[in-house]
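The opening residue of the sequence shown carries number 275 in our numbering; numbering runs sequentially from there.
A short write-up of the structure that comes next.
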Amino acid sequence: KNIEFRIKDFGLFTENRIVESKECIVKFGTSEIFMTALDRGILEAVVIVSDCAGTVITNNPYLVQGLCGRISGIVKTTPIPKVIEKIENAGGTILNKNTGEIDQYRGVKLALELGYKRIGVSIGNLKDAEKIKKLENKEVSIITFGVHTTGYSSSEVRRYLKYLDIITCCASKGVLEAVKGHIMVQMGKSIPIFALSKRGKELLLERAKEIDEPLLIDLSKNLPSINKNFHI
C-alpha cells in the first residue's frame, strides 16, 4: 500500500514522476541536508540516485528534494525517457540514460568532468566511499554521505567509517555500535544521522538553521542517543 500511495501521489516508477519539490518530508533527511547545502552554496553539486534514471548529478536543490525526498533505497532501476527529459530540463545530468546505471563513483567522476569542485554524494554501497575519497585533492572536496545502511554489521561500518563524512543510522545496530567515539554531531533520535567529520558537521548545522521549530543543542559524551522505541 505504501508503494501504491507513492505511485499515485508523485508518480514513483512511472512517467508521471514529479521531479522537483520544496516540500521537506523530514527535518534531517539526506535530501533535505543536500538541498540546504546546495541552496547555501556549501556544495556546488550532488550525486544522487533516482528511480527512472539511476545516478544523477545536479546543482538544483529542488531537484534533489523532488527525486530523493520520498524514496527508499534503490539498487537498480529502469530508465524512463519522459522522466529523464524532465530531470534534464530541471538541471540534472544522467550518468547513463540508456541503462539507468547506478554507480556513484562514476557519477562523482562525471561531476568532476562537468567542472564541479565541491561535491556531495549519497553512498548506499559503503565500500565505494574509499575510492570516491581518493578523488579528492587540494582543489576538490567531496562530502560522502552513507545511506540505506540497514543490514550492515558493525565491522563493515568500521571498515569504511574514516571515508564517510555523514552516515544515517536507518535500522542498523551495526552503525550504532561503529560510530561510538566518532560522532561530532547527531541529528534526530528516531532515525539519527551522524556527522563524522568537520565538513559533515558543517552540513548538519547549516541544515539546522533552516528549522523553524525550537531546537535543543547540548554537549554530550554519550552519543549515539536514540529513542527507547527505536527498532532494529
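Cβ coordinates follow ideal geometry from the N, Cα and C atoms, glycine included.
The region 452–496 is shown to contain whole beta strand (DSSP E) runs of 3 or more residues at 459–461 and 467–469, in chain order.
Put simply, the backbone Cα of E451 is about 11 Å away from that of Y426. Bridge partners of F419 according to DSSP: S396 and I440. Taking I354 as the centre and dropping the five residues before and after it, the same chain places the C-beta of E289 and C326 closer than 7 Å to its C-beta, in chain order. For A311, no beta strand (DSSP E) segment is defined; the enclosing uninterrupted segment is the alpha helix (DSSP H) at T304 to D313. If you check the CB distance, P466 and P488 do not come in under 8 Å.
With contacts defined by Cβ atoms closer than 8 Å, I416 and K407 form a contacting pair. Closest option to V357, judged by alpha-carbon separation, among I292, R380, S494 and L435: I292. Look at the region 309–347 and you find these whole runs of beta strand (DSSP E), each 3 residues long or longer: 319–324 and 328–332. Secondary structure within the region 353–382: the beta strand (DSSP E) runs of 3 or more consecutive residues, fully enclosed, are 366–368 (chain order).
Annotation for A311: L317, G394, L477 and E480 place their beta carbon closer than 7 Å to its own, counting only its chain and skipping 5 residues before and after. For T352, the CB contacts under 6 Å within the same chain, skipping 5 residues up- and downstream, are G374 in chain order.
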